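Comments concern the structure below.
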Ligand SMILES: Cc1cc2nc3c(=O)[nH]c(=O)nc-3n(C[C@H](O)[C@H](O)[C@H](O)COP(=O)(O)OP(=O)(O)OC[C@H]3O[C@@H](n4cnc5c(N)ncnc54)[C@H](O)[C@@H]3O)c2cc1C
């Protein structure tokens, strides 16, 4: 019987795990080094999708994550943080088209919703796109994909947990962890907390928390640059992946722009993160080429997020076999996965068997590789 659970981190994962635990009647303390959603969950493209995830078990987890968002939004009043407007994607050259055809064929075989559109059909969905920027056909449309406002999602999940008695200790980091039968945690403030179980939801810092517990979690995190425009009177209703820019609405008329190329413009020097402004302007120009109505848009802010990526790219979820009161809830694609995967982890903490779904994502898969060194 698990009495008290400490959840480390209050991003999308920590909030989802805490909500899942508290809703099942557990006593929960969430410890957050800063403010809730101040980590990666506050700087993410937050596109809900399961497009291109391999192997099949990862794809299925992503689809279940998308369904969990739909269900949560359907039962939560004022849940307008969830936007299921679909996603458009096309390619600029023959290699890109071949890759997109392969991806579409694979997900279609898995039963994932996708269809090919013509330029005219795209313009019916997105009338403000410059027709010259879109190919005549072979535009992939994924109608069940969308995006979430992660900060509001975290707010809702934490409120769910707190209204069921959970406690939030914020601006206080876990600095020491002794994983005996009862876990003992020490925080920056000097405060000491004991727990029957601990869940590591520290996102890109999950390796550090694992190390405090004596575990080695290999990760290969990367930085991502997100460009937020000023409010613009342009109609953008969904996620769009064009060859030179990815974008989506971001509320209040703002758009969020991203490309994988611009990620290279982020540098950490002397502990400070800087972004090359020329690279930012290139992405904004690509946005204007796609939506001419962006001509007056300016860059309102640029944020850099750190993707929490376990070394093999797959999520790390669930109980550690040799340390059954220590659990992981860490992954990339966390905005898509966390509502579902966080709830699975919470259920397992409280004794429900989740071997069927969490089996492929357990920490133990790293052990043979680690012992080779
Ligand atoms: C540029 C970019 C684009 C992305 N695009 C997408 C996308 O389109 N779709 C998608 O699904 N995912 C996307 N992701 C990934 C997704 O955003 C992350 O997987 C998700 O936000 C991770 O959430 P988290 O709760 O694990 O981590 P975080 O949000 O980082 O939360 C972890 C929390 O732990 C706290 N913490 C750390 N150490 C301690 C400690 N010692 N003590 C107490 N607290 C601690 C931190 O302060 C932080 O608040 C993207 C990420 C980036 C950076």
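In this note's numbering, the protein residues as written are 402 to 774.
Ideal placement from N, C-alpha and C gives every residue a C-beta, glycine not left out.
Just so we're clear, the structure is a prediction, and the values are computed from it rather than from any experiment.
{"Check": "Minimum length 4: unbroken alpha helix (DSSP H) runs contained in the stretch 658–703", "Outcome": "678–691"}
{"Check": "Residue 511 classed as buried or exposed, judged by whether at least 16 other C-beta atoms fall within 10 angstroms", "Outcome": "exposed"}
{"Check": "The stretch 545–563 in contact with the stretch 475–488 per 3-pair CB rule at 8 Å", "Outcome": "yes"}
{"Check": "Completely contained beta strand (DSSP E) runs for the stretch 439–503, where each covers 3 or more residues", "Outcome": "488–490"}
{"Check": "For residue 547, the three-state DSSP class (helix, strand or coil)", "Outcome": "strand"}
{"Check": "Range covered by the beta strand (DSSP E) that runs through residue 520", "Outcome": "From DSSP, residue 520 is part of no beta strand (DSSP E) but of the alpha helix (DSSP H) over 520–526."}
{"Check": "Heavy atom of ligand 1 within 7 Å of residue 510 beta-carbon", "Outcome": "no"}
{"Check": "Any non-hydrogen atom of ligand 1 closer than 7 Å to residue 433 Cβ", "Outcome": "yes"}
{"Check": "C-beta contact flag for residue 665 and residue 676 at 8 Å", "Outcome": "no"}
{"Check": "Assigned secondary structure, residue 414 (DSSP; H/G/I helix, E/B strand, else coil)", "Outcome": "helix"}
{"Check": "Which of helix, strand or coil DSSP assigns to residue 579", "Outcome": "strand"}
{"Check": "Continuous beta strand (DSSP E) stretch holding residue 589: start and end", "Outcome": "That residue, residue 589, is in no beta strand (DSSP E); it is neither H nor E in DSSP."}
{"Check": "The beta strand (DSSP E) enclosing residue 718, as first and last residue numbers", "Outcome": "717–721"}
{"Check": "Host alpha helix (DSSP H) of residue 745 (start-end)", "Outcome": "735–750"}
{"Check": "Sheet register partners of residue 725 (DSSP bridge)", "Outcome": "DSSP, once it has assigned bridges, lists no residue as partnering residue 725."}
{"Check": "Own chain, CB closer than 8 Å to residue 540, minus 5 neighbours either side, in chain order", "Outcome": "489, 490, 491, 517, 518, 519, 520, 522, 523"}
{"Check": "Heavy atom of ligand 1 within 7 Å of residue 684 beta-carbon", "Outcome": "no"}
{"Check": "Three-way DSSP call (helix, strand, coil) for residue 760 in this model", "Outcome": "helix"}
{"Check": "For residue 598, three-class secondary structure by DSSP", "Outcome": "strand"}
{"Check": "Identity of the residues DSSP links to residue 541 by a beta bridge", "Outcome": "490, 517"}
{"Check": "Residue range of the unbroken alpha helix (DSSP H) whose run includes residue 609", "Outcome": "607–613"}
{"Check": "Contact test: residue 707 Cβ vs ligand 1 heavy atom, cutoff 7 Å", "Outcome": "yes"}
{"Check": "Beta-carbon contacts of residue 528 that lie in its chain and below 8 Å, excluding the five residues immediately before and after", "Outcome": "636"}
{"Check": "Same chain, Cβ closer than 6 Å to residue 419, five either side skipped, listed in chain order", "Outcome": "408, 429, 431, 562, 567"}
{"Check": "Distance CB(residue 649)-CB(residue 448) smaller than 8 Å", "Outcome": "yes"}
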